[in-house]
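S.K.:
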Amino acid sequence: MAQEVEPVPEVGLTTGALARRLGVSPTTLRSWDRRYGIGTAVRTEGRHRRWSPEDVAVLEAMCRLTSAGVPPAEAARAARGGADVSGAANGEPEADGRSRAAGALPLGDVRQECRGLARAAVRLDAPAVDELLTAAVDRHGVVGAWQDVMMPVLHAVGRKWETSGDRYVEVEHLLSWHVSTALRRATRRVDSPAAPPEPAPAPAPGPVVLACVPGEQHTLALEALTAALSERDVPARMFGAAVPAEALTAAVRRLGPTVVVLWAQARSTASAPLAAHIAGTGWGARGARRRPLVVLAGTGWAGSASPGMPRPGGLQEALELVSGVY
Numbered sequence: 001m002a003q004e005v006e007p008v009p010e011v012g013l014t015t016g017a018l019a020r021r022l023g024v025s026p027t028t029l030r031s032w033d034r035r036y037g038i039g040t041a042v043r044t045e046g047r048h049r050r051w052s053p054e055d056v057a058v059l060e061a062m063c064r065l066t067s068a069g070v071p072p073a074e075a076a077r078a079a080r081g082g083a084d085v086s087g088a089a090n091g092e093p094e095a096d097g098r099s100r101a102a103g104a105l106p107l108g109d110v111r112q113e114c115r116g117l118a119r120a121a122v123r124l125d126a127p128a129v130d131e132l133l134t135a136a137v138d139r140h141g142v143v144g145a146w147q148d149v150m151m152p153v154l155h156a157v158g159r160k161w162e163t164s165g166d167r168y169v170e171v172e173h174l175l176s177w178h179v180s181t182a183l184r185r186a187t188r189r190v191d192s193p194a195a196p197p198e199p200a201p202a203p204a205p206g207p208v209v210l211a212c213v214p215g216e217q218h219t220l221a222l223e224a225l226t227a228a229l230s231e232r233d234v235p236a237r238m239f240g241a242a243v244p245a246e247a248l249t250a251a252v253r254r255l256g257p258t259v260v261v262l263w264a265q266a267r268s269t270a271s272a273p274l275a276a277h278i279a280g281t282g283w284g285a286r287g288a289r290r291r292p293l294v295v296l297a298g299t300g301w302a303g304s305a306s307p308g309m310p311r312p313g314g315l316q317e318a319l320e321l322v323s324g325v326y
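Just so you know, we're using the UniProt record's numbering here: the sequence shown kicks off at 1 and counts up by one.
Encoded structure:
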């Protein structure tokens, strides 16, 4: 039985109440207003917005269309009654006979949001890509957005690139940059706990250190884990691509991390001796030295025997493992 939606009061809804009703963030509502004119002119004496029933109806249409994969700019025009995007949502050709949809990408059985994101990426529509990624994080959280929206489209573009020569390289680069931007935007600054005053029964736990091994340039999955950890208020230090071994060792000694996550996407970059060296790197007073738990993340570590170093199978498993240890 469908849940009955409460009517909008005549005095209108506040931005916070409307965001909860629609399942989006207040930031998304403000962004839609600024970019596409989907807003309200009604304000209280304190200059606070009040969204009328008509405003709410337009935004509900906007949400339905973007969830169906329609780029936000087109969805806004349709929600205001200025365009028919039903064909575009299904990947039908436009007036010039060329399909603007990403039907050629090997997406398979995915969310409608993936199709909208793929379509926007193929069209190199950067504002739409940014808006769809932001909406996905707002709606599903970092883990859901990464697993159900970002990864399927990234993989589809990668497969198309591999089978099309030099075509789609620009699509992959644009999409990767915006995915990275969305993940960094979702990463809140979480400070390490302050050290308790002396005498302390035990030292405060250090942050999680995340780094790609030397020679490894792929950072997106590690950026997703960094953002997901911030959602759980776990302090982390992300060092990015191809961190030299000496620099990584120095960071471990300086920060005293509880966990070190080493990312290797290719077997050629995964180094078991480096992982063992980091696992054996200690800090603290003599007689009470501590060492980090080293987590081996990425397909590059497959097949390597590294006792005592867990290898999570995906973002959710890595998140549970690292935050649980912390």
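Beta carbons are placed, not taken as given, at the ideal position from N, Cα and C, and that holds for glycine. Just so it is clear, the structure is predicted and the values come from calculations on it, not from any experiment.
#1: Leaving out five residues before and five after L107 in sequence, what residues of the same chain have Cβ atoms less than 8 Å from its Cβ?
#2: Pairing CB atoms from the segment 293 to 308 with CB atoms from the segment 233 to 250, are three or more of them under 8 Å?
#3: On the criterion of 16 or more Cβ atoms from any shown chain inside 10 Å, does V169 qualify as buried, or is it exposed?
#4: I need the straight-line Cα distance from T219 to C212, nearest angstrom please.
#5: What would DSSP say about A211, mapped onto helix, strand or coil?
#6: For E223, does the count of other Cβ atoms within 10 angstroms reach 16, so buried, or fall short, so exposed?
#7: Determine the direct distance from the alpha carbon of E60 to that of E172, and round the result to whole angstroms.
#8: Excluding the 5 residues preceding and the 5 following P127 in the sequence, name in chain order all residues of the same chain whose CB lies nearer than 8 Å to its CB.
#9: Roughly how many whole angstroms lie between the Cα atoms of G91 and G314?
#10: Pair every Cβ in the segment 173 to 190 with every Cβ in the segment 124 to 142, then say whether three or more of these pairs are closer than 8 Å.
#11: Contact between the segment 274 to 288 and the segment 310 to 326: three or more CB pairs below 8 Å?
#12: Tell me, please, which residues DSSP counts as bridged to V110.
#13: Please classify L124 as buried or exposed, where buried requires at least 16 other C-beta atoms within 10 Å of its C-beta.
#14: Looking only at its own chain, which residues have a Cβ that is under 7 Å from the Cβ of Y326, when we skip the five neighbours before and after it?
M.R.: Taking the definition as stated:
#1: What you label residue 107 is simply residue 107 of the sequence shown in a count that begins at 1. The residues are C114, R115, A118, P152, V153, A156.
#2: no
#3: Position 169 of the sequence shown, counting from 1, holds the residue named residue 169. The residue is exposed, with fewer than 16 neighbouring Cβ atoms inside 10 Å.
#4: To locate residue 219, count along the sequence shown from 1; it is residue 219. To locate residue 212, count along the sequence shown from 1; it is residue 212. Approximately 7 Å, taken between the alpha carbons.
#5: To locate residue 211, count along the sequence shown from 1; it is residue 211. DSSP places A211 in strand when its eight states are reduced to three.
#6: The residue you call residue 223 lines up with position 223 of the sequence shown. Buried, by the Cβ-count rule.
#7: Start at 1 with the first residue of the sequence shown, and residue 172 comes out as number 172. Start at 1 with the first residue of the sequence shown, and residue 60 comes out as number 60. One C-alpha to the other measures close to 31 Å.
#8: Within the sequence shown, numbered from 1, the residue matching residue 127 stands at position 127. Correct list, in chain order: R35, P72, A73.
#9: As a first step, residue 91 is located in the sequence shown; it is residue number 91 there, counting from the start. As a first step, residue 314 is located in the sequence shown; it is residue number 314 there, counting from the start. With a pLDDT of only 41 at G91, under 50, the local geometry of the prediction cannot be trusted, and the value read off the model is given with reservation. Roughly 31 Å separates the two Cα atoms.
#10: yes
#11: no
#12: What you label residue 110 is simply residue 110 of the sequence shown in a count that begins at 1. For V110, which the question treats as bridged, DSSP gives no partner whatsoever.
#13: On the sequence shown, residue 124 is found 124 positions in, with the first residue counted as 1. That one is exposed.
#14: Taking the sequence shown and counting its residues from 1, one reaches residue 326 at position 326. For Y326, where only same-chain residues beyond five positions count, the Cβ hits under 7 Å are P205, V208, V234, T258, V259.
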